[in-house]
Amino acid sequence: MAARFCGSLFLAVLLSGANASRPVLNQELSNIFNELWSLDVNRMTPGIDYTISVQSRAGFVNQGSHVVMDHASLPLFSNVNENKMRNTTTFSRFMKLLDNYERSTGITERVTPEEQTEISLFLDAVLETQVMKRAHQYLVSKGKSSSDITQFKSQLNLIWFHLYHRQRNTGPDSCGFEHVFVGETKSGTEIIGFHNWVQFYLQEKNSHLDYKGYKARDHDLPDQDDHVLNLQFSWHGVVKPVGSAFIGTSPEFEMALFTIIFLMNTERSTTVLVNIDQCQMELVVIRQGRCLGTAYPKLLSSNSRHTGQHSH
């Protein structure tokens, strides 16, 4: 069976609000994002490159709570083809960046020359992919990026890796990449960001993360082929009541999607409604000045269910 992009996993009322508050479908972005989806040759294949076990539905947990019922006795990832990840340049260089950051906000980040080199090599690898080449071409056509690849690399570096203050009483303590792909903790009681499946897998493998179960509407059940999941988990003892992540997608695919949304809009908070593969979702991007504050998906419906629905 061909892998679906996602499953019926997001609690629309909880995460999206009433239908009336949803943006209008952005067909142009849907088109370009489906092109990027087709070009994502580095995407991992469920059942072949990795296997997940979604297990049971997680319960309600208050933000800041350290007590949570575990509805998943097994890890989410039962296996991942690490050999393939290590031999896929964007994945291997991406993984080298994951240990470069302080977990807690409020602690000033220090970027060593070695870490700066790792960032540069990662961006070089991303820029070599067809996914980012097509994203760059689109942004140039819209007048949002220079056609010069060196300038585009600098633009990506600013958006994703430039350090800024997330907590005011310290030095620069965060960046878009850290928040979205690595995850952070706030005041020791809250997980913020953390929307990446590779980091989830590695932290789970190293016993730093405990998957507690999936979150979904009453009649929706996740599938091992799904490429978007809504999850509950604890990380270093701190609980994330509801977290979202793409599963199996490449780093370049996620960076391309959110970079396009970031550059195509100027509002502090942008939500776009798109159809990608068999799913309708909102993609949320929040700015931190000229940098990315956060970015994540909110699934509304899957498997073309939305095509037969009417607004209420």
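Numbered by mature numbering (1 follows the signal peptide of the UniProt record, and there is no 0), the letters in the sequence shown go through residues -20 to -1, 1 to 292 in order.
Quick reminder that beta carbons are idealized off the backbone N, C-alpha and C, glycines included.
**Message:** Which residue wins for smallest C-alpha separation from Thr97, given the options Ile129, Phe40 and Phe74?
**Reply:** Of the listed residues, the one whose Cα sits closest to Thr97 is Phe74.
**Prompt:** Should Leu16 and Ala236 be called a contact, given that it needs their Cβ atoms to be closer than 7 angstroms?
**Reply:** A Cβ-Cβ contact shorter than 7 angstroms links Leu16 with Ala236.
**Prompt:** Excluding sequence positions up to five away, which residues of its chain have a Cβ less than 7 angstroms from the Cβ of Thr68?
**Reply:** Sequence-distant partners of Thr68 (beyond 5 residues in either direction) whose C-beta falls short of 7 angstroms from its own C-beta, in its chain, are Asn22.
**Request:** Please name the residue or residues paired with Gly223 in a DSSP beta bridge.
**Result:** Note: Gly223 sits in a beta bridge opposite Leu211.
**Message:** Do Val4 and Val219 have their beta-carbon atoms positioned less than 7 angstroms apart in this structure?
**Reply:** Taking 7 angstroms as the Cβ cut-off, Val219 and Val4 do not qualify as a contacting pair.
**Message:** Can you look up Ala115 in the DSSP assignment and give me helix, strand or coil?
**Reply:** In this structure, Ala115 counts as helix in the three-state DSSP scheme.
**Prompt:** Does DSSP put Ala(-19) in a helix, in a strand, or in coil?
**Reply:** Model confidence at Ala(-19) stands at a pLDDT of 46, short of 50, so the residue's coordinates are unreliable and nothing is read from them.
**Request:** Would you grab the beta carbon distance between Gln204 and Gly27 for me? Rounded to a whole angstrom, and I think it's under 8 angstroms.
**Result:** The Cβ separation is near 7 angstroms, so the contact holds.
**Message:** Judging by CA-CA distance, which residue of Arg267, Glu232 and Lys166 is the nearest neighbour of Thr246?
**Reply:** When C-alpha distances from Thr246 are compared across Arg267, Glu232 and Lys166, the shortest belongs to Arg267.
**Request:** Determine the burial state of Arg146: buried for a count of at least 16 other Cβ atoms within 10 Å of its Cβ, exposed for fewer.
**Result:** A residue is called buried when at least 16 other Cβ atoms come within 10 angstroms of its Cβ; Arg146 meets this threshold and is buried.
**Request:** On a CA-only basis, which of Glu234, Lys185, Ile241 and Tyr194 is nearest His216? Give me that one, please.
**Result:** That would be Lys185, whose Cα lies nearest to the Cα of His216.
**Asked** Tell me which same chain residues have a C-beta within less than 7 angstroms of the C-beta of Glu234, skipping the five on either side of it?
**Response** So the list reads Phe226, once near-sequence residues are dropped.
**Pair within 7 angstroms by beta-carbon distance, Leu9 and Val160** = Here Leu9 is not near Val160, since their CB atoms are 7 angstroms or more apart.
**Asked** Going along the chain, which unbroken runs of the alpha helix (DSSP H) with 4 or more residues stay wholly within the region 102 to 159?
**Response** Runs of the alpha helix (DSSP H) lying entirely within the region 102 to 159, each at least 4 residues long, are 110 to 121 and 129 to 141 in chain order.
**Message:** Output needed for Thr229: all residues of its chain with C-beta closer than 7 angstroms, excluding positions within five of it in sequence on either side, in chain order.
**Reply:** Excluding its 5 nearest sequence neighbours in each direction, Thr229 has C-beta neighbours in its own chain below 7 angstroms: Asp20, Arg23 and His207, listed in chain order.
**Request:** Take the Cβ of Pro231 as the centre, count every other Cβ of all protein chains shown within 10 Å, and call the residue buried at 16 or more, exposed below.
**Result:** Using a 10 angstroms sphere on the CB of Pro231, the tally of other CB atoms reaches 16 or more, which defines it as buried.
**Message:** With a threshold of 6 angstroms on Cβ separation, who are the neighbours of Ala(-3) within its own chain once the five nearest residues in sequence on each side are excluded?
**Reply:** The predicted model places Ala(-3) with a pLDDT of 42, which falls under 50 and marks its position as unreliable; any figure quoted below should be read in that light. Hits under 6 angstroms: none found.
**Item:** For Lys64 and Gly273, the rounded distance between their alpha carbons
**Value:** Taking the straight line joining both Cα atoms gives about 31 angstroms.
**Asked** Roughly how many angstroms lie between the CA atoms of Asp257 and Val111, to the nearest whole one?
**Response** So the alpha carbons of these two residues sit roughly 16 angstroms apart.
**Prompt:** Just reading off the alpha helix (DSSP H) that Thr69 is part of, what are its end residues?
**Reply:** Looking at the DSSP string, the run of the alpha helix (DSSP H) that includes Thr69 is Thr69 to Leu77.
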